[in-house]
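See structure below.
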Amino acid sequence: MPNNTLYCSNLPDKLPKGDLKRALYMLFTTYGPVLDIVALKTPKMRGQAHVLFRDREASAQAMRALQDYDFFGKPMKIKYALTKSDTLAKLDGTYKQPQPRTDVPTTALQQSVFAGPPGTSGSSGPPGTNGVTTNGVGSAPPPGLSSAQSAASPATANTPVSQATKRQREESVEAEEEEDEGDAPMDMEEDGAAMEMSDED
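Residue 127 in the UniProt record's numbering sits at position 127 of the sequence shown; the count goes up by one each step and never skips.
As structure tokens, then:
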């Protein structure tokens with residue numbers, strides 16, 4: 001059945017992938033616009049390529065003209081591809097994302113690797129708490145924060161003690177920078193005045 005995609009086999013497998021795609025493109029574009037060329041160098045796909053044309057007429061004409069064509073010393077075999085190209089399906093809007101397999105069984109090794117660090121598989125409580133129960137608050141306190149600090153009242157828990165110190169330091173640094181900046185223009189003015197004096201001479 002005619003298809004936009006041609007399956008080419010018996011291609012030279014020693015040719016680098018880039019050179020193979022370039023040579024196929026130059027050969028097939030004489031019959032019509034080529035949208036894509038897929039040539040894989042895996043052991044299973046070696047010596048094969050798929051050439052995607054924009055229209056079926058061009059692919060049919062290329063297939064008739066290039067069947068058994070001597071391509072780098074080997075007669076090229078051409079057939080219509082069995083399935084529709086993903087590139088063409090994306091262009092005409094019929095592409096469907098492949099669904100992941102759900103029937104894949106997990107092995108004991110996979111379960112041990114992805115279960116987490118040792119000792120956490122038998123923990124009680126919600127996932128991620130490592131068995132630490134909270135006082136109904138929702139999550140365990142972050143590391144470095146004692147439970148007494150986390151149980152403090154919301155008014156005292158939200159006071160940013162360390163931030164006030166940080167701001168004072170930034171303000172003092174900014175004040176020092178302003179003082180330094182204040183000195184700089186005076187020096188420049190004096191230099192400018194000296195420059196003006198030298199210009200008057």
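We treat Cβ as the ideally placed atom computed from N, Cα and C, and that holds for glycine.
**Q.** Proximity test, valine 38 beta-carbon vs the ligand HEM heavy atom, cut-off 8 Å
**A.** Here there are no bound small molecules, and the ligand HEM is not part of this structure.
Q | Candidates Leu52, Lys17, Arg46 and Val104: closest to lysine 84 by CA position | A | Leu52
Q. Which residues in the same chain have their Cβ closer than 8 Å to the Cβ of proline 2, if we skip the five residues on either side of it in sequence?
A. Arg56, Ser59, Ala60 and Tyr80
Q) Which two residues bound the contiguous alpha helix (DSSP H) that contains aspartate 86? A) 86–92
Q.
Cutting at 7 Å between CB atoms, please list the residues of its own chain near lysine 17, excluding the five before and the five after it.
A. Ala39 and Lys41
(Q) In the DSSP assignment, the beta strand (DSSP E) including phenylalanine 53 goes from what residue to what residue? (A) 49–53
Q. Ends of the beta strand (DSSP E) at tyrosine 7?
A. Unbroken beta strand (DSSP E) run through tyrosine 7: 5–9.
**Q.** Inter-residue Cα distance where the pair is aspartate 68 and histidine 50
**A.** 16 Å
**Q.** Closest by C-alpha distance to aspartate 19, when choosing among Ala108, Leu109, Leu88 and Ile37
**A.** Ile37
Q: In angstroms with no decimal places, state the Cα-to-Cα distance between alanine 23 and arginine 64.
A: 18 Å
Q: Taking all protein chains shown into account, decide if tyrosine 25 is buried (16 or more other Cβ within 10 angstroms of its Cβ) or exposed.
A: exposed
(Q) Helix, strand or coil, according to DSSP, for leucine 66 in the structure here? (A) helix
Q: In the DSSP assignment, find the alpha helix (DSSP H) that holds leucine 35 and state where it starts and stops.
A: Where leucine 35 is concerned, there is no enclosing alpha helix (DSSP H), although the beta strand (DSSP E) it sits in stretches over 34–38.
Q.
Once the 5 residues before and after asparagine 10 are set aside, which same chain residues still bring their CB inside 7 Å of it?
A. Counting only residues of its own chain and dropping the five nearest sequence neighbours on each side, asparagine 10 has a CB closer than 7 Å to the CB of Gly47, Lys74, Pro75, Met76 and Lys77.
Q. Which whole-angstrom value is the C-beta distance of proline 12 and phenylalanine 72, which I expect to be below 8 Å?
A. Contact flag correct, Cβ pair sits at about 4 Å.
Q.
Relative to the C-alpha of aspartate 70, which candidate in Leu27, Leu82, Lys96 and Met45 has its C-alpha closest?
A. For the residues Leu27, Leu82, Lys96 and Met45, the minimum Cα distance to aspartate 70 belongs to Leu27.
Q: Could you check which residue in Phe114, Ala62, Lys44 and Lys90 has the C-alpha nearest to that of threonine 30?
A: That would be Ala62, whose Cα lies nearest to the Cα of threonine 30.
Q.
Please identify the residue among Arg54, Tyr7 and Lys21 whose C-alpha is closest to the C-alpha of lysine 90.
A. If we check each option's Cα against that of lysine 90, Arg54 comes out closest.
**Q.** Residues that lysine 77 bridges to, as DSSP identifies them
**A.** Ser9
Q) Considering only residues of the same chain and omitting the five flanking positions on each side of aspartate 92, which have a CB-CB separation below 6 Å? A) Cβ within range, chain order: n/a, list empty.
Q. Is DSSP giving threonine 134 helix, strand or coil here?
A. Its pLDDT being 49, under 50, threonine 134 is placed unreliably in this model, and the value from its coordinates should be taken loosely. The answer is coil: DSSP assigns threonine 134 none of H, G, I, E or B.
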